[in-house]
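Asks: One structure, as structure tokens, below. Some questions next.
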Amino acid sequence: MSTETTVLVCFDVRSEKFSFVKVKTFVIEGTMINYNGKLGFLRAGKSTCAYRSSRIVNLLVLEDIDKQGWSERTFVLPALWEDIVGSAMLGFVGMTRTNEIVMRQVSIEPIPLCLFYFNTERNTVVRVAVEGMDVSEYDSVHIFLDHVENVELM
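All residue numbers in the sequence shown are consecutive under the UniProt record's numbering, ending with 154.
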């Protein structure tokens, strides 16, 4: 029997102190996101990627860092999911401030690159093609949410 414990190491910049959070196996196999200012992890059922056959998306949120309390929400994907996603394998990018889960094709082929927005409140999915940018010459493309050019404008 293994006695290993998985922990996240947190560093508070203001106090310059470390803290440790025990985590479930879910965290290791999920994508780390910012969920309304809290630490969250996403995955599609038992997979780190979403596929045409995926039926749910799980969100695990660290609600209280001191008590190390986690909550879990499960979102059922809409009926049109299979038609919108097609044969794409999707990785999680993150979550917008309006609680839309953003996913992207894991492979940058075929062109154009597409993003998928799953609105958790309305249970809708929108596919957005990014046109005018030739990504075929790159090995990978990185996507970031909430990019800010100048922090003074925040």
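Glycine is no exception: its CB is placed at the ideal position from the N, C-alpha and C atoms.
Computed from a prediction, not measured in an experiment: that's the story for all the values here.
State the Cα-Cα distance for the pair C114 and M133, rounded to the nearest angstrom.
Replies: Counted from its first residue, the sequence shown places residue 114 at position 114. Counted from its first residue, the sequence shown places residue 133 at position 133. Just so you know, the alpha carbons of C114 and M133 end up roughly 11 Å apart.
Asks: What is the rounded straight-line gap between the Cα of L80 and the Cα of T120?
Replies: Reading the sequence shown from its first residue, position 80 is the one you call residue 80. Reading the sequence shown from its first residue, position 120 is the one you call residue 120. About 14 Å.
Asks: Comparing C-alpha positions only, which one of V126, S140, G91, Q105 sits nearest to I33?
Replies: Taking the first residue of the sequence shown as 1, we reach residue 33 at position 33. It is G91 whose Cα lies nearest to the Cα of I33.
Asks: Beta carbon of G45, beta carbon of R55: below 8 Å?
Replies: Numbered from 1 along the sequence shown, position 45 holds the residue referred to as residue 45. Numbered from 1 along the sequence shown, position 55 holds the residue referred to as residue 55. Contact flag set, yes.
Asks: Please work out which residues of its chain come closer than 7 Å, Cβ to Cβ, to V93, disregarding the five sequence neighbours upstream and downstream, and give them in chain order.
Replies: Taking the first residue of the sequence shown as 1, we reach residue 93 at position 93. Only V102, M103, R104, I143, L145 meet the Cβ criterion.
Asks: Along the chain, where does the beta strand (DSSP E) containing I56 start, and where does it finish?
Replies: Counting from one through the sequence shown, the residue named residue 56 turns up at place 56. Element bounds for I56: 56–64.
Asks: So, for T74: in the same chain, excluding its five sequence neighbours on each side, which residues have a beta-carbon less than 6 Å away from its beta-carbon?
Replies: Counted from its first residue, the sequence shown places residue 74 at position 74. Cβ within range, chain order: I56, N58.
Asks: Checking 8 Å against the spacing of the C-beta atoms, do V130 and Y117 come in under that value?
Replies: Here the question's residue 130 lines up with position 130 in the sequence shown. Here the question's residue 117 lines up with position 117 in the sequence shown. No; because the gap between Cβ atoms is not below 8 Å, this pair is not in contact.
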